[in-house]
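Taking the UniProt record's numbering, the leading residue of the sequence shown gets 1, the next gets one more, and so forth.
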Amino acid sequence: MGNDASTGLIRRRCSEFDVVLPHWLLRHHNNNNNKQPILGILSFETAKTMSRLLSLYKSLTDREVSRLRNESVTTEGVAYLISTDHHFLLTLACREKMEDLDRIAIAVARLGKHCSGPVLTQFGRFYEVDVDVRLANYKDADRMFRKLEKFVSTTADLYSGLQSLTELEISDKRMKKWSFDNIAGSPNFDLFDQKLSWQKQRVRHLRRVSLWNQNFDRVVPLMARAVCVVYARILVVFASHVPPLMLSTTLLYPQASSSSNQHHQLAKLWADCCSANNYLSQTKSQHDDHDHQVSNLSNKQHVNNNNNNNNNVATRTTTRLVNQLPASTVGGSGLPLGYANVVIMAERYLMSNCASIDKREREELYHMLPESLKRLVRSKLKEMVRRREDDFGDADIEWVLLGWEEEARAILRWLGPMAHHTLTWQTERNVEKQTFDVKPRVLLLQTLFFADKDKTDDAIADLLGSLSCICKYQKLFHTN
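Here's what the structure looks like:
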C-alpha cells in the first residue's frame, strides 16, 4: 500500500490527535451555536453527499481493496476488453476515486458557505493544500463514519416518512370529501385519522434526530474531517499507483509549508494525482495500442491545467475521466449504455425459450445496433451457417443447438457482468436516481466504458449470431 517508511511514520503518528487532524478543523470542532440556522430541506442533499462519502470510505477498507486487486481487475472481461496490466487498471481506479472525492469536497465546500466561521467557508482551499496522509489511520475514523451513517439512516427514514405522510394527507382529503356522502365510512375514517396522527408524530421525531434539525457548524466540520480521512486513505491504498511525490515529506508535514509557493506546489501534486498522467505516461510502453490510447487520457488537458493558475477542484471536475475516453473505446464512441442493453436483452432471451421470441422482438434487438455492428452480425451469421453445414452436415440438430448455446453462454459469463455493471454505474451517478445507499459503488474499469470497441463488437456479434441460430434451429427442432 505504500513504501515501508511512509507507512511506519503514519502508524507512529496516528495517535497524535492534535497533530494529525488539520488545525483549521480542530479550531472549529466545538464551536456549536444553537442559534445557527439548521439544514432543514438541505438535509436530504447533505445526506446523499454523506452516503457517497461513506460509500467511498467503505470501498477503501482492506477487504474491498483486496477484492479490487484480486478479483475486479483480474476478471476475464476486463483482461480481454480493457487491459491485463494491473498497475494501469489500479491507476484508473485511483483516479476515479479521486474524482468522486473532488465532487464530494465541492458539495461540502458549498455547505461550508453557510457556516459562521471564516475557516469552513473556505474549505475548498484548505482541502487542496492542507491534508495530512497520516489521517489515513486517524484513530477516531470509524466512530466518525458511524456517526455519519446514523445521520444518513435517520434522514433517509425522514425522507420516506415525509413521502408516506404526503400520501396519507392526500388520501385524507379524498376520504373527507367521500365521507360527506357516505356516513357508514365514519369508523374507518376515524381509524385513518389515528394513522395520520401517528405518522405526523413520527415525522416530527425524525426531524429532531436527523440532519434536518442539525446546524451547519456541527455537520460541515464532521464532513470536512471525513473528506480529509478518505483523501489520505486513497493516497495510502494506491501509493504505488500515484506519483511518488504524493508521499513526500511536504505532504506529511503540510503545516511546515507556509509560503504561497509551497501551497501552490501541494495543489499541483493533488492535481497530478487526480489526472494520474505521470504514472500513465511511465507505463504506456507496457500496453497494446488500445491501452496506450486509454493511458493518455486527458494528457493535453493535464498539461494545460498545470500551466493554469486556476488549477483547483472545480477546474478538475470539468475534465472527468469518463468524458475523455478515446474513440477506440466503447465509451469514447458513446455506445456503452446501448451495448449494455443489447447484451442484457440477449441474455434474457437466451435464458428463456428462444423459440418463443417473435419477429417483433428480434427486430427490436436488431434495430438497437449501430450500422457497423449490423454488418458484422450479418457476416458472422453467414459464417456460422456455413460452418454448421461444413462441420456438422446432417448431424443431430439438438446436438448442434447445444454447441451454440454453450458458445453464447461462454460469452455471457464475462460480457454479461460488464453490461450489468455499466447500467449500475450509470444509475449510481444519475442525480435524479441517487439514493442514500452507502455500499461501495461500481468502478468504470468494471464497465464497458473502457472496453476496446473492436473486441466488444466482435463479442456481441458472436453472441447475437449464436442467438439467431439458436432461435432458427430451435423452431426447426420443435417443428420436426
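Glycine is no exception: its CB is placed at the ideal position from the N, C-alpha and C atoms.
Asked: Between which two residues does the alpha helix (DSSP H) containing residue 491 stretch?; Found: What is shown of the chain runs 1 to 480, which leaves residue 491 out entirely.
Asked: According to DSSP, is Ile38 part of a helix, a strand, or is it coil?; Found: strand
Asked: Hey, would you say Thr74 sits closer than 9 Å to His86, going by beta carbons?; Found: yes
Asked: To the nearest angstrom, how far is it from the Cα of Cys274 to the Cα of Gln163?; Found: In this predicted model, Cys274 has a pLDDT of only 34, less than 50, meaning its place in the structure is not dependable enough to derive any value.
Asked: If we ignore side chains and look at the alpha-carbon of each, how far apart do Val227 and Asp193 end up?; Found: 45 Å
Asked: Grouping DSSP H, G and I as helix and E and B as strand, with all else coil, what is Thr329?; Found: strand
Asked: What first and last residue would you give for the alpha helix (DSSP H) that runs through Thr91?; Found: His86 to Gly112
Asked: Mind checking whether Ala47 and Phe449 have CB atoms under 9 Å apart?; Found: no
Asked: Nearest by alpha-carbon distance to Trp414: which of Glu405, Gln446, Glu398 and Pro440 is it?; Found: Gln446
Asked: Might you give, ordered along the chain, the residues of its own chain that have their beta carbon closer than 6 Å to the beta carbon of Lys97, omitting 5 neighbours on each side?; Found: Ile234
Asked: With a 10 Å radius around its C-beta and 16 neighbouring C-beta atoms as the bar for buried, classify Gln474 as buried or exposed.; Found: buried
Asked: Could you tell me how far apart the beta carbons of Gly77 and Met418 are, in whole angstroms, since I believe they sit closer than 8 Å?; Found: 5 Å
Asked: What are the partner residues of Asp452, as DSSP defines its beta bridges?; Found: Thr329
Asked: Could you check whether Ser240 and Arg362 sit closer than 9 Å to each other, using their CB atoms as the reference points?; Found: no
Asked: Taking residue 481 as the reference, which of Leu350, Val229, Cys471 and Leu464 has the closest Cα?; Found: Residue 481 falls outside the range modelled here, since the chain spans only 1 to 480, and no answer is possible.
Asked: Is it buried or exposed for Trp178, if we count other Cβ within 10 angstroms and need 16 for buried?; Found: exposed
Asked: Tell me whether Ser259 is buried or exposed, calling it buried when 16 or more other Cβ atoms sit within 10 Å of its Cβ.; Found: Low confidence applies to Ser259: its pLDDT is 41, below 50, so where it sits in the model is not reliable enough to give any reading.
Asked: If you draw a straight line from the alpha carbon of Asn215 to that of Cys115, how long is it in whole angstroms?; Found: 9 Å
Asked: Quick one: using the 10 Å Cβ neighbour count with 16 as the cut-off for buried, is Thr61 buried or exposed?; Found: exposed
Asked: Tell me which same chain residues have a C-beta within less than 8 Å of the C-beta of Asp190, skipping the five on either side of it?; Found: none
Asked: Let me make sure I understand the geometry here. Which of Val343, Pro370 and Tyr366 has the alpha-carbon closest to that of Gly334?; Found: Pro370
Asked: Buried or exposed: Lys176, going by 16 or more other Cβ atoms within 10 Å of its Cβ?; Found: exposed
Asked: Are there three or more Cβ pairs, one per stretch, closer than 8 Å when the segment 39 to 54 is compared with the segment 101 to 111?; Found: yes
Asked: Looking at C-beta atoms only, is the number of pairs between the segment 137 to 149 and the segment 34 to 45 that lie closer than 8 Å three or more?; Found: no
Asked: With distances taken from CA atoms, which of Phe123, Gly332, Val65 and Gly161 is nearest Asp452?; Found: Gly332
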